[in-house]
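In the numbering used here, the protein residues as written are 1 to 272.
Virtual Cβ for every residue (Gly too), placed ideally from N, Cα, C.
Everything numeric in this text was worked out from a predicted model, so none of it was measured.
Here is the structure we will look at.
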């Protein structure tokens, strides 16, 4: 019997564990198999962590794409914390685009999320560039009770391959959702999970700085809209049907009477 690849086994195990505990499970696997640290961190999407830029005092999001060793780069100051002497930075031209993209998605975040934190990071490729757009929103639900919270993490990784007058974009989007609703009367419900979708598109680029940001913004906006609709119609709809079948506000006797009346109506109509 051929031995199984430890990396594939680790990914398979993470898929079967509670997505709410992805970070803790990932750290446990890294401690067990230190040789897989880089591969696991670059392959597994986990809830985004917050940090504060020491220079600008603005919050930014941490991920594997702005990490160099144990340090993370701020999109606002372009500095690593802790400081590094040989860190990797985007080129000067790409850094200007990165600044403009962070400003654009900061407006997008405020319009669509009405709060939260956004961060955009770019890096150079031989035939273009790549980047990631990060969005995070945490919302405690005071109206539903102190035990109710919700967290939304969006991770949009893209590649932009330059052509003559067009650019080929590859976008991979992941949404990580965690919702906990509870109270003394209803108990607690934990709805956690993630969804990943991919898309490729060729789009016109006349002015590189302006058009790249507009094209990436359109792709991210369209993808988030599709994923929100899928969550609303498929996942939330399915969860609602399951809960409705498991729990009922009406008493058992009332439910049985309703079913009997319904069956009697169907029988009467079939005899006509």
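query                                                                                                                                                                         : result
Name the one or two DSSP bridge partners that residue 136 has.                                                                                                                : 117 and 153
Who are the near neighbours of residue 200 in its chain, counting only those whose CB is closer than 8 Å to its CB and skipping five residues on each side?                   : 168, 169, 170 and 171
From 197, 161 and 209, pick the residue whose C-alpha is nearest to that of residue 226; which is it?                                                                         : 197
Residue 221 lies in the alpha helix (DSSP H); which residues open and close that run?                                                                                         : 208-230
Under the assumption that residue 154 contacts residue 224 (Cβ atoms under 8 Å), give the Cβ distance between them as a whole number of angstroms.                            : 6 Å
Measure from the alpha carbon of residue 36 to the alpha carbon of each residue in 9, 51, 106 and 19, then state which is nearest.                                            : 9
Just the C-alpha distance for residue 76 and residue 99, rounded to the nearest angstrom, thanks.                                                                             : 7 Å
Determine whether the beta carbon atoms of residue 231 and residue 195 lie at a separation below 8 Å.                                                                         : yes
Can you name, in chain order, every residue of its own chain whose Cβ lies under 8 Å from the Cβ of residue 268, other than the five neighbours on each side?                 : none
What residue range is occupied by the uninterrupted beta strand (DSSP E) comprising residue 24?                                                                               : No beta strand (DSSP E) holds residue 24; the alpha helix (DSSP H) holding it covers 22-32.
For residue 172, which three-state DSSP category applies?                                                                                                                     : strand
Have a look at the DSSP bridge pairing and note the partners of residue 51.                                                                                                   : 60
Using DSSP with H/G/I as helix, E/B as strand and the rest coil, what is residue 198?                                                                                         : strand
Any beta carbon from chain E within less than 8 Å of residue 77's own beta carbon?                                                                                            : Considering every chain present, this structure includes no chain E. It has just one protein chain.
Quick check: residue 46 and residue 22, are their CB atoms within less than 8 Å of each other?                                                                                : yes
For residue 88, tell me which candidate among 102, 96 and 72 has the shortest Cα-Cα distance.                                                                                 : 72
If you count every other CB in all the chains shown that lies within 10 Å of the CB of residue 237, and 16 or more means buried, which is it?                                 : exposed
Please name the residue or residues paired with residue 72 in a DSSP beta bridge.                                                                                             : 67 and 81
Candidates 190, 26, 41 and 175: which alpha carbon is nearest residue 181's?                                                                                                  : 190
Taking the Cβ atom as the reference point for each residue, do residue 137 and residue 113 lie within a distance shorter than 8 Å?                                            : yes
Hey, would you say residue 309 sits closer than 8 Å to residue 32, going by beta carbons?                                                                                     : Here the chain has residues from 1 to 272 only, and residue 309 is not among them.
Which residues share a DSSP beta bridge with residue 282?                                                                                                                     : Because the chain spans 1 through 272 in this model, residue 282 falls outside it and cannot be assessed.
How is the alpha helix (DSSP H) around residue 40 delimited, first residue to last?                                                                                           : 37-43
Can you tell me where the alpha helix (DSSP H) holding residue 91 begins and where it ends?                                                                                   : No alpha helix (DSSP H) contains residue 91, which DSSP labels as neither H nor E.
Using beta-carbon positions only, say whether residue 134 and residue 63 come within less than 8 Å of one another.                                                            : yes
Going along the chain, which residues of its own chain have a beta-carbon closer than 6 Å to the beta-carbon of residue 143, five neighbours each way excluded?               : Caution applies to residue 143, whose pLDDT of 46 falls short of 50 and renders its modelled position unreliable; the model cannot decide the point.
Enumerate in chain order the residues of its own chain whose CB-to-CB distance from residue 116 is below 7 Å, with the five nearest sequence positions on each side excluded. : 109, 135, 136 and 137
Which value, in whole angstroms, describes the spacing of the CA atoms of residue 233 and residue 56?                                                                         : 41 Å
Going by the CB atoms, is the gap between residue 161 and residue 206 shorter than 8 Å?                                                                                       : no
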